[in-house]
Structure formats: C-alpha cells, structure tokens
Amino acid sequence: MMRFLLTCHVFLFLSITPLLSEDFITKMEYAKMLYSNPRGIGCNKCHGEKGEGSIISQYQHKGKMVALEAPNITNVPKERFFQALTSQHKVMPTYFLTWQEIDSLYYYVSSEVKK
Ligand code: HEC
C-alpha cells in the first residue's frame, strides 16, 4: 500500500510539473516570444523590436530613392490590428494565427507604448 501511494505521488508530481513551469512565463513574456516567432518571419524583423516600425529596405527607382517601410503598429486600433493579421498584403506575409495569438501580439505592441 505504501509503495502504491508513493508511486502515485511521484506520478502526480511529474504530471503537474509542466503545468507549473508554464506559470513562470508571464503573459508579457509569452507575447514577446510570439512576436519574434509567430510560426513565420518574426514581426520584429520588419516592425522593429517593439512595433515601432522600420525601414526594411531602400532602393533607387527611376532616379529616386524609395524606402520600403513597415509601419509603426503600436497605436493601431484593435479592430484594424485583427483585420491586418487575417488578410493578405503586398509586402507583409500572411499568417495563420489563432484569435488568442493575435490578441497576445496586440497586447505586446500596445503595452509597450504605455511604458
Ligand atoms: C516582411 C515584413 C513584415 C513582417 C514580417 C510583418 N509585417 Fe506587418 N506589415 C508590413 C508592411 C510592409 C505593412 C504595410 C502593409 C503592406 O504593405 O504589406 C504591414 C502592416 C501591418 C499592420 C497594419 C498596420 C496599419 O496601420 O494598419 C499590422 C497591424 C501589422 N503589420 C502587424 C504585424 C505583426 C503582428 C506581424 C507578425 C505576426 C507582422 N506584421 C509581420 C511588413 C511586415
């Protein structure tokens, strides 16, 4: 009986450990991770580390300098943010993210603004 209880205990401990360790990463840490690794090119590669936007590339076209820019996304209204992540664009890739993932990304870039 004692041995049985002991085995159960160890088993229980092992099975809850992964759940516990998930708690060690905060909502913000998760959102930041997703922002740089959203199952596709990281948002940070184009929109900058905090969504501030960046110049992806600059080139000459018909004698004029043209800049290819990723916009600042820190002040985009939530609806437009969701719209942008569920539609196709010319430059920005199409992502296949869940509603919760988009919500986390929104949380990440919009929280940074308030700091
Ligand atoms: C290859 C570069 C690139 C990557 C990677 C990228 N974007 Fe974009 N994003 C753009 C560009 C450029 C635009 C402007 C629309 C266009 O021309 O595609 C844009 C537009 C947007 C907009 C709309 C902004 C507005 O004012 O309406 C949002 C929101 C956005 N991106 C969020 C993201 C998020 C979140 C990710 C990561 C999941 C991401 N982008 C990844 C380049 C990129």
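Mind the numbering: the sequence shown is residues 12 to 126 in my numbering, read in order. Yeah, the Cβ is synthetic: ideal placement off N, Cα and C, and Gly gets one too.
Q.
Between which residues of its own chain and Lys126 is the CB-CB distance below 7 angstroms, once the five residues before and five after are set aside?
A. Note on Lys126: pLDDT 48, under 50, position unreliable in the model; no value is reported.
Q) Using a threshold of 8 angstroms, is the CB atom of Gly59 nearer than that to any non-hydrogen atom of the ligand HEC? A) no
**Q.** Residue interval of the beta strand (DSSP E) (run including Lys75)
**A.** 75–81
Q: Kindly list the residues whose CB is nearer than 7 angstroms to the CB of Thr105, restricted to its own chain and excluding five residues on each side of it in sequence; keep chain order.
A: Gln99
Q: Tell me whether Ser65 sits in a helix, a strand or coil according to DSSP, three-state version.
A: strand
**Q.** Closer than 8 angstroms: Lys56 CB and nearest the ligand HEC heavy atom
**A.** yes
Q) Which whole-angstrom value describes the C-beta separation of Thr85 and Val120, a residue pair presumed to lie in contact below a C-beta threshold of 8 angstroms? A) 5 angstroms
Q) Distance, Cα to Cα, Val102 vs His58? A) The straight-line gap separating the alpha-carbon atoms of Val102 and His58 is approximately 12 angstroms.
Q: Indicate, with yes or no, if the ligand HEC has a heavy atom lying under 8 angstroms from the CB of Lys101.
A: yes
Q: Within its chain, find whatever has a CB closer than 7 angstroms to the CB of Leu45; leave out the 5 residues flanking it on each side and keep chain order.
A: Excluding residues within five positions, the ones whose Cβ falls inside 7 angstroms are Glu112, Ser115, Leu116.
Q) In three-state DSSP terms, what is Asn70? A) The question names Asn, yet the displayed sequence has Tyr at residue 70. Reduced to three states, the DSSP call for Tyr70 is strand.
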